[in-house]
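S.K.: At position 201 of the sequence shown the residue is numbered 201 (the UniProt record's numbering), and the sequence of numbers has no breaks.
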Amino acid sequence: MGLPASCNTAKLEAGSTPPETVEAGRAEMQTITTGYEPADIYNMDETSFFYCLSPHRSITRNRVPGTKKSKKRITLALTSNADGSHMVDPLFIGSAMRPRCFGGQTGAELGFDYHSSKKAWMNGGIFNSYLDAMNTKMVEQGRRILMLVDNAPPHQVNADTQLTNVSIRMLPPNTTAYLQPQDAGFIASFKAKVKQRQLQNALDQIDAVMSGRQDRLYEVPLVEAMGWAQDAWRSIEQSTVRNCWRRTGILTSDSESSSA
């Protein structure tokens, strides 16, 4: 898993952002989040999922003979709230409008929030559609929420997107490596859970290894990989989410206390 080059700024930020910039950004976010309950503060971030990618090295730290690096990729948008009580089902973005493995069904009919774009990356249209759907849910629930996102180009709200119950605020530039909750540990936890499913699936393909088809060891239909990802996201413990939000320091002490 990883991010497209246009979005993968965390590593650069981590080594180049002055501490005073981070602290100023943290203070700004504390002001923004004040007045919201942790259950009503959300963060969304994207990550790429190379769902047929074989590891570069086996458990013995040697590459498995016959394996090839797969480039099959989808993007996932992952969203949670600050107290971990709402792990929004992943938004999947692929390059095909209706992949063949869907069997003629839509993503929704299969139980997935699936969208498509030419390069399987987030774009403004998908982002605004996502916000509109989230706003509709919040209206139905009688809730008003704060949604925090990074300042990637697709994260712009269109003029015709009417958000009555969702307030969008961007994290300060060059601070997401420090202040974005999703980057504070639980996307890493999610990735580890998905990798476990990939490894188990590979172990189940022992016949492929015995017949010399190692390059297909990690091949899996997209719809199955999406199921793994959705299950992994839903299985993240609430305490893990809370700890990651707390680690960023973007909530006030009062907010943290109310989520404990």
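Cβ atoms here follow ideal geometry from the backbone N, Cα and C, with glycine treated the same way.
(1) Going by the DSSP bridge assignment, what does residue 169 pair with across the sheet?
(2) Using a Cβ-Cβ cut-off of 7 Å (strictly less than) and excluding sequence neighbours within five positions of residue 250, which residues of its own chain qualify?
(3) Distance, Cα to Cα, residue 129 vs residue 206?
(4) With which residues is residue 206 paired in a DSSP beta bridge?
(5) Take every Cβ of the region 225–240, pair it with every Cβ of the region 115–124, and state whether three or more of those distances are shorter than 8 Å.
(6) Exposed or buried, residue 44, counting other C-beta atoms within 10 Å across all chains shown (16 or more means buried)?
(7) Please name the residue or residues paired with residue 95 in a DSSP beta bridge.
(8) So for residue 75, helix, strand or coil by DSSP?
(9) Is the region 159–168 in contact with the region 179–188, if contact means three or more CB pairs nearer than 8 Å?
(10) List the DSSP bridge partners of residue 41.
(11) Could you tell me whether the Cβ atoms of residue 91 and residue 110 are closer together than 8 Å?
(12) Please state whether DSSP places residue 50 in a helix, a strand or coil.
(13) Please look up how many angstroms separate the CB atoms of residue 80 and residue 241, rounded, as I've assumed it's under 8 Å.
(14) Buried or exposed: where does residue 192 fall if 16 or more other Cβ atoms within 10 Å of its Cβ makes it buried?
(15) Taking C-beta to C-beta, are residue 87 and residue 236 nearer than 8 Å?
(16) So the candidates are 153, 181, 238, 146; which of them puts its Cα closest to the Cα of residue 246?
(17) Taking DSSP as the reference, what is the three-state secondary structure of residue 122?
(18) Assuming the contact rule is C-beta atoms closer than 8 Å, residue 176 and residue 22 should be a hit. Round their C-beta distance to whole Å, please.
(19) Determine which residues share a DSSP beta bridge with residue 81 and list them.
(20) By Cβ distance below 8 Å, which residues in the same chain neighbour residue 239 in space, the five residues on each side in sequence not counted?
(21) Going by DSSP in three states, residue 189 sits in which element: helix, strand or coil?
(22) Could you give the DSSP three-state label for residue 66: helix, strand or coil?
(23) Checking 8 Å against the spacing of the C-beta atoms, do residue 42 and residue 145 come in under that value?
(24) When you compare only the Cα positions, how much space is there between residue 199 and residue 53?
M.R.: From the atom records:
(1) Here residue 169 corresponds to residue number 169 of the sequence shown, with the count starting at 1. Paired residue(s): 148.
(2) Along the sequence shown, read from residue 1 onward, the residue named residue 250 stands at position 250. Excluding positions up to five away in sequence, the list reads 26, 29, 30, 33, 179.
(3) Here the question's residue 129 lines up with position 129 in the sequence shown. Here the question's residue 206 lines up with position 206 in the sequence shown. Taking the straight line from one Cα to the other gives about 42 Å.
(4) Taking the first residue of the sequence shown as position 1, residue 206 is located at position 206. Residue 206 pairs with nothing; no bridge assigned.
(5) no
(6) Numbered from its first residue, the sequence shown carries residue 44 at position 44. Counting Cβ neighbours within 10 Å, residue 44 comes out buried, since at least 16 surround it.
(7) As a position in the sequence shown, residue 95 is number 95, starting the count at 1. For residue 95, which the question treats as bridged, DSSP gives no partner whatsoever.
(8) For the purposes of this step, residue 75 is taken as the residue at position 75 of the sequence shown. Three-state result, residue 75: strand.
(9) no
(10) Taking the first residue of the sequence shown as 1, we reach residue 41 at position 41. Per DSSP, 146.
(11) By 1-based counting over the sequence shown, the position of residue 91 is 91. By 1-based counting over the sequence shown, the position of residue 110 is 110. Cβ atoms of residue 91 and residue 110: not closer than 8 Å.
(12) On the sequence shown, residue 50 is found 50 positions in, with the first residue counted as 1. Three-state DSSP puts residue 50 in coil, outside helix and strand.
(13) Within the sequence shown, residue 80 is the residue found at index 80, counting from 1. Within the sequence shown, residue 241 is the residue found at index 241, counting from 1. Right, the Cβ-Cβ distance comes to about 5 Å (below 8 Å), so this counts as a contact.
(14) The residue you call residue 192 lines up with position 192 of the sequence shown. Exposed, because fewer than 16 other Cβ atoms sit within 10 Å of the Cβ of residue 192.
(15) Taking the sequence shown and counting its residues from 1, one reaches residue 87 at position 87. Taking the sequence shown and counting its residues from 1, one reaches residue 236 at position 236. Yes.
(16) Here residue 246 corresponds to residue number 246 of the sequence shown, with the count starting at 1. Nearest option by C-alpha distance: 181.
(17) Here residue 122 refers to the residue found at position 122 when the sequence shown is read from its first residue. It is coil, neither helix nor strand.
(18) Numbered from 1 along the sequence shown, position 176 holds the residue referred to as residue 176. Numbered from 1 along the sequence shown, position 22 holds the residue referred to as residue 22. Rounded, the Cβ-Cβ distance is 10 Å, inconsistent with contact.
(19) Sequence index remark: in the sequence shown, residue 81 carries index 81 (1-based). Note: residue 81 sits in a beta bridge opposite 42.
(20) Taking the sequence shown and counting its residues from 1, the one referred to as residue 239 is at position 239. Excluding positions up to five away in sequence, the list reads 84.
(21) If you number the sequence shown from 1, residue 189 lands on position 189. DSSP places residue 189 in helix when its eight states are reduced to three.
(22) The count along the sequence shown starts at 1 and reaches residue 66 at position 66. Note that residue 66 scores a pLDDT of 49, beneath 50, so its modelled location is shaky; the value from the coordinates is reported in the next line. In this structure, residue 66 counts as coil in the three-state DSSP scheme.
(23) Position 42 of the sequence shown, counted from the start, is the residue given in the question as residue 42. Position 145 of the sequence shown, counted from the start, is the residue given in the question as residue 145. Cβ atoms of residue 42 and residue 145: closer than 8 Å.
(24) Within the sequence shown, the letter at position 199 stands for residue 199. Within the sequence shown, the letter at position 53 stands for residue 53. Cα to Cα, residue 199 sits roughly 11 Å from residue 53.
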